[in-house]
């Protein structure tokens, strides 16, 4: 609990800014991925639909987690007593955060892998785009945080490549699947 108090007291403003950026970025990321997967859907409609559903679940959970963190940061910005109260609430609410963490991790894991498969199968992007997404997925879980490299740079590279692909092509509606 002492670590929570220290984090809230010393870095409350920076942490809140990061959380706010996540809250703004999640809907934008979701919209971009849906557009990208619409490009891939004519050649891989089932995998694209699974990816959209899984990523939606993961991103909604991530949005809820950030909403909860925003509340905790705002409680903690009132000084040491408020920070202690927020830390205590965070400890009590950890079961609720776990209930959000599981769909976030599972949804995004399934969604990222299915997105990469759909992009590889459809070839609507350069080969390096889905490879960057898969490398991000694997390294983000396996490689500890390092001062000289952040795995999110790979996700940034994926986003730039994916965005360029969407801008070059016109997304189409998901095709009707006929078994």
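Numbering (the numbering used here), first residue to last: -16 to 162. Backbone N, C-alpha and C fix where the C-beta goes; we use that ideal spot for every residue, glycine too.
In chain order, what residues of the same chain lie with their CB nearer than 6 Å to the CB of residue 44, ignoring the 5 residues before and after it?
Excluding positions up to five away in sequence, the list reads 83, 86 and 87.
Could you check which residue in 20, 26 and 55 has the C-alpha nearest to that of residue 39?
20
Residue 118 at chain D interface by Cβ criterion, 8 Å:
The chain labelled as chain D is not found in the depicted structure, where only one protein chain is given.
Pick helix, strand or coil for residue 86, following the three-state DSSP scheme.
helix
Status (buried if at least 16 other CB within 10 Å, exposed otherwise) for residue 168:
Any property of residue 168 remains undetermined from this structure, which presents the chain solely from -16 to 162.
Give the DSSP-derived three-state secondary structure of residue 127 in the structure shown.
Coil at residue 127, not helix or strand.
Residue burial classification, residue 0 (beta-carbon count within 10 angstroms, cutoff 16):
exposed
How many angstroms separate the CA atom of residue 35 from the CA atom of residue 6?
Looking at the two C-alpha atoms, the distance is approximately 19 Å.
Give the straight-line distance between the Cα atoms of residue 112 and residue 49, rounded to the nearest whole angstrom.
Going from the Cα of residue 112 to the Cα of residue 49 covers about 27 Å.
Tell me which same chain residues have a C-beta within less than 7 Å of the C-beta of residue 46, skipping the five on either side of it?
Taking residue 46 as the centre and dropping the five residues before and after it, the same chain places the C-beta of 6 and 9 closer than 7 Å to its C-beta, in chain order.
Excluding the 5 residues flanking residue 126 on each side, which residues of the same chain have their C-beta closer than 7 Å to its C-beta?
134
Could you tell me if residue 115 is buried or exposed, where buried requires 16 or more neighbouring beta carbons within 10 angstroms of its beta carbon?
buried
Residue nearest to residue 27 in terms of C-alpha spacing, selected from 146, 54 and 107:
107
Can you give the Cα-Cα distance for residue 37 and residue 52, rounded to whole angstroms?
23 Å
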